[in-house]
Amino acid sequence: MRKVGAISLLLTTGLWGWSQAAAPPNPLYEQRQEANPDGIGKFYLGREISHVMGHRAASWLERPERELEERTDLLLNSLPISEGDVVADIGAGSGYFAWRIAQRVGRKGKVLAVDIQPEMLEILRKNMETQGVVHQVEPILGSITDPRLPPSGVDLALMVDVYHEFSHPYEMTEKLVEGLKPGGWLVLVEYRAEDPAVPIKRLHKMTENQVKKEMEVHNLEYVETIGILPWQHILVFRKPDHPS
Ligand SMILES: C[S@@+](CC[C@H](N)C(=O)[O-])C[C@H]1O[C@@H](n2cnc3c(N)ncnc32)[C@H](O)[C@@H]1O
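Numbering (our numbering), first residue to last: -14 to 229.
Here it is as structure tokens:
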């Protein structure tokens, strides 16, 4: 684990993070006319939600140049994963991260690979077979409001290039927090909207401030933002050890 382990001490002593969740907006969502063609016209806390990436684009997730372009090796090394952990790969897509995480959690651990597209889960199943990790990766068909995780059963919920697609980000995040063990990690990896040089459509990027604003309304503590990747930032949050 990277420095996130050391920071947990600050969290338990209350020196870091938010002590209480902010109130969610009321109404939660807004439908606006000035929609971007890449968006669904629905806004959450000032951000327009993007369309979901369809299963026909799954090969883009598996492109050979991805590791070098996005330094997915560095990303994996930054994650708070230990042998034996239960990791929820939310919006797992083709399983690019699922099998790599399965190798890290080992035979005593588990990867819950959640997606809302049955076709994506079928692609994932085949890829897990090829990689020899079918026993460690459990595909879960989630709904747009619920990833269907076991209550307080997950050490880490990971979302790589996913959260900005949630049609119901508030409901999804509430359920993700329910699924985390006390002290469990929630990690979002989003393309940096602050950087126009990142070659990704605007609605598929998020600023650090926007991510923090959207997490602030949940029972989560902000831990840190890791800025080592070429295109994305890694935002690390934690469910408090103690009841809120
Ligand atoms: C751009 S892909 C990223 C896939 C994978 N995380 C990766 O980086 O290779 C986004 C995925 O999130 C899924 N998704 C969108 N909304 C979701 C939701 N509410 N729950 C679970 N998955 C969702 C989509 O179906 C799609 O497979």
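Here a beta-carbon is modelled for each residue, glycine too, at the ideal position from N, C-alpha and C. Since the model is a prediction, treat every value here as computed from it, not as a measurement.
> Just the Cα atoms here: how many angstroms apart are Tyr176 and Glu209?
Replying inline: 16 Å
> How many angstroms separate the CA atom of Leu60 from the CA atom of Ile219?
Replying inline: 8 Å
> Can you pull the DSSP bridge partners for Met191?
Replying inline: Arg177
> Can you give the beta carbon distance from Pro147 to Val71, rounded, assuming they're within the 8 Å contact cut?
Replying inline: The identity of residue 147 in the sequence shown is Val, whereas the question assumes Pro. No, Val147 and Val71 are not in contact; Cβ-Cβ is about 18 Å, not under 8 Å.
>> As a quick exercise: from Ser63, Phe28, Gln121, Glu150, pick the residue whose alpha carbon is nearest that of Lys93.
In response: Gln121
>> I want to check one thing, is the minimum distance from the CB of Pro132 to the heavy atoms of ligand 1 below 7 Å?
In response: yes
> If you compare alpha carbons, which of Gly212, Ile213, Leu188, Lys224 is closest to Tyr251?
Replying inline: Because residue 251 is not part of the residues shown, which for the chain are -14 to 229, the question remains open.
> Taking just the CA atoms, how far does Lys160 sit from Met144?
Replying inline: 14 Å
> Hey, would you say the C-beta of Asp100 is under 7 Å away from at least one heavy atom of ligand 1?
Replying inline: Yes, the beta carbon of Asp100 sits closer than 7 Å to at least one heavy atom of ligand 1.
> Which term fits Ile235, buried or exposed, when burial requires 16 or more other beta carbons within 10 angstroms of its beta carbon?
Replying inline: Absent from the model: residue 235. The displayed extent of the chain is -14 to 229, so no value can be given.
> Is it right to say Leu126 is buried, meaning 16 or more other beta carbons lie within 10 angstroms of its own, or is it exposed?
Replying inline: exposed
> If Pro132 sits next to Ala73, beta carbons under 8 Å apart, how far is it from one beta carbon to the other, in whole angstroms?
Replying inline: 7 Å
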